[in-house]
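Residue numbers (my numbering), protein chains in the order written: chain A, 1 to 407; chain B, 408 to 678.
A virtual CB, placed ideally from N, CA and C, is assigned to each residue, including glycine.
Have a look at the structure below before the remarks.
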């Protein structure tokens, strides 16, 4: 071809070409949308035959609806949101897919300066909250999402019943800082850069990072409808390869600082570059943590990205803990998670991209001292599991083992 | 927020707006796109819409009342008057639906402009329906209420086989969505969606046309740059350059503007 010397690398062969080349991918304005922003800025999709069109969404509800209508092909999504839709919790039900994990860690809990002081002085969160003289109000991002579950877990670990003792409200992350300023909000759990912004403006102090609640917890995923994977398998693979290379890029020296500059732009996140960069690079100021404070991780040689079904089972367990699903969801948890987590597709894409396939999930000690033995999670909840009776399966017993839970 | 025109879905058929609405679009006419692009910003589009709709909401509401009065009134009276809450936390003038919905017989509750106020208001006022901008960040606040309280309004399902789906989808396209209490028949919501659609549908069309026009302009500039690059480097005419781009696009199964984008990008690297 006469023009071949001019143009980008040759298109993939017809046999390997994606079925759909132009993809609309949604995201919400948070620092951990970085893999999508990087993928677009560097046009990493082109090598895999894709053109990405990113669509900034104003709410997680909008992401969900647009995935369901097909207006979005895929999206940066809270881990839990996918399972909330899969189980039809408080909203529409649809078969969903987790293609890969985009990041682990990187979230936090920030409270008002006065509450932070009370926590330091008393050394006890329950006492500090009692000193408010009223029911504390805490905000998170979405009822079935990561922040809601981590916040509940964190409260319960410190002897506080999040359903009875705390008023929980969802406020959009960008509004949380303003809400702290107006008063009426004692703390919030969400993604960055909003914690850094609150702290910089003297409106809050970060008192916990999410890695302290559950080290290396799954956070955002690349989500889509399951029938998208069925109809466009090569496209889904190409998309995973694209995002894997974006995640790998973010782990290379100097790249997070560069990405912070892009994220600062109004079209992406629209917050001060230095505040975004500090948290991306794991600078939490003087914050002390139970474990080493872990920065957000996007790749970690592929450890981050494998879509472990055990992650989904954890969320289903917590939904049951807080009374959001019935026993049947627990009995079917392993199967649900196996169907949602696109492990086969991910493994093929990872190998093609030269990314190590890390299929065994790590066990972790959570902030209440309980060990989440991820590798055994699937066995916790097989239909006809340990005791053969729904509600008394291993996952059910695990949930019942929490002192603080819905009654 | 990226406003992206949606090509992949079949457009839902909106309910037929009154004549003044069509007149707005036709008076801008053949020069319409230029006329629209000379308007600065969304506020002006809203004003253009308002000029038409100042009268058309009345017309539509009256038409609805006149033709459907018996049915609508009987329905709401038989099962109680619908209590409607408007969430006015974005630039979209959702509050302007108040009068038209009141004329339908809805009981209009005091509006809420901040997400923090929603839990208290939903708890104390018990709306049957909450109307909110599809792009409002406060939707997630409503989602929380729906999950934590079975009595709270939940997202209206757009994905069922229900016959009202196309109406709901059209309203969502126009930028308005609703949450309603469980057990509320969707066809009781239909008049509300019709009102929302009448108010906002053509505004959404104008906005979509504006976005499309800007995008076409950007594409044309990119193609011009690509043509000039080829003309300079290969000493060919404009027609030959265009023909090369088009052939490449056809061979690769790509849009011409994508080929142009790749060429310009590579040329920048090559210096």
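{"Query": "Cβ distance (whole Å) where residue 520 of chain B is taken to contact residue 496 of chain B below 8 Å", "Result": "5 Å"}
{"Query": "Beta carbon of residue 239 of chain A nearer than 9 Å to that of residue 25 of chain A", "Result": "yes"}
{"Query": "Run of the beta strand (DSSP E) containing residue 586 of chain B, from where it starts to where it stops", "Result": "583 to 587"}
{"Query": "Cross-chain neighbours of residue 183 of chain A in chain B, by beta carbon under 9 Å", "Result": "Within chain B, no residue comes near residue 183 of chain A; the closest Cβ sits about 10 Å away, beyond 9 Å."}
{"Query": "Of the residues A/129, A/77, A/241, A/118, the one placed nearest residue 43 of chain A, counting alpha carbons only", "Result": "A/241"}
{"Query": "Under 9 Å between C-beta atoms of residue 491 of chain B and residue 534 of chain B", "Result": "yes"}
{"Query": "9 Å Cβ cut-off: residues of chain A touching residue 523 of chain B", "Result": "137, 139, 169, 171, 175, 179, 182, 184, 185"}
{"Query": "Cβ pair count under 8 Å reaching 3, the segment 621 to 630 of chain B against the segment 661 to 668 of chain B", "Result": "yes"}
{"Query": "Members of the segment 547 to 577 of chain B near chain A, C-beta cut-off 8 Å", "Result": "547, 548, 549, 550, 551, 553, 554, 555, 561, 562, 564, 565, 566, 576"}
{"Query": "Exposure of residue 126 of chain A, with buried meaning 16 or more beta-carbon neighbours within 10 Å", "Result": "exposed"}
{"Query": "Residue(s) in a DSSP beta bridge with residue 547 of chain B", "Result": "Answer is none; residue 547 of chain B lacks a bridge partner."}
{"Query": "Other residues of its chain near residue 295 of chain A: CB distance less than 6 Å, five sequence neighbours each side excluded", "Result": "282"}
{"Query": "Stretch pair the segment 78 to 89 of chain A + the segment 153 to 168 of chain A: three plus CB contacts closer than 8 Å", "Result": "no"}
{"Query": "Residues bridged to residue 51 of chain A (per DSSP)", "Result": "A/22"}
{"Query": "Interface positions of the segment 49 to 66 of chain A facing chain B (Cβ-Cβ less than 8 Å), listed along the chain", "Result": "51, 53, 54, 55, 56, 57, 58, 59, 60, 61, 62, 65"}
{"Query": "Min CB distance residue 534 of chain B to chain A below 9 Å", "Result": "no"}
{"Query": "Buried/exposed call for residue 36 of chain A, threshold 16 Cβ in 10 Å", "Result": "buried"}
{"Query": "The alpha helix (DSSP H) enclosing residue 228 of chain A, as first and last residue numbers", "Result": "226 to 231"}
{"Query": "Validate contact between the segment 205 to 213 of chain A and the segment 112 to 131 of chain A using beta carbons, cut 8 Å, 3 pairs", "Result": "yes"}
{"Query": "Backbone CA spacing between residue 141 of chain A and residue 658 of chain B [nearest angstrom]", "Result": "46 Å"}
{"Query": "Where the alpha helix (DSSP H) containing residue 76 of chain A begins and where it ends", "Result": "No alpha helix (DSSP H) contains residue 76 of chain A, which is instead part of the beta strand (DSSP E) from 74 to 78."}
{"Query": "Between the CA atoms of residue 275 of chain A and residue 19 of chain A - distance to the nearest angstrom", "Result": "40 Å"}
{"Query": "Euclidean distance between Cα positions of residue 72 of chain A and residue 267 of chain A", "Result": "18 Å"}
{"Query": "Under 7 Å by beta carbon: chain A residues contacting residue 665 of chain B", "Result": "51"}
{"Query": "Contact under 9 Å by Cβ, residue 128 of chain A with residue 188 of chain A", "Result": "no"}
{"Query": "Beta-carbon contacts of residue 670 of chain B that lie in its chain and below 8 Å, excluding the five residues immediately before and after", "Result": "633, 636, 637, 652"}
{"Query": "Under the three-state DSSP convention, the category residue 360 of chain A falls into", "Result": "coil"}
{"Query": "Short Cβ contact (9 Å threshold) for residue 246 of chain A with residue 261 of chain A", "Result": "no"}
{"Query": "For residue 39 of chain A, the nearest candidate out of A/145, A/263, A/182, A/396 (CA to CA)", "Result": "A/263"}
{"Query": "Cβ of residue 142 of chain A within 9 Å of any chain B Cβ", "Result": "yes"}
{"Query": "Residue 108 of chain A (DSSP reduced to helix, strand or coil)", "Result": "strand"}
{"Query": "Closer than 7 Å at the beta carbon, the chain A residues around residue 541 of chain B", "Result": "62"}
{"Query": "Cut-off 7 Å between Cβ atoms - residues of its own chain near residue 193 of chain A, not counting five sequence neighbours on either side", "Result": "31, 269, 271, 275, 276, 279"}
{"Query": "Where residue 561 of chain B sits in the DSSP three-state scheme", "Result": "strand"}
{"Query": "Residue(s) in a DSSP beta bridge with residue 538 of chain B", "Result": "B/493, B/585"}
{"Query": "Proximal residues of chain A, C-beta to C-beta of residue 545 of chain B below 8 Å", "Result": "59, 172"}
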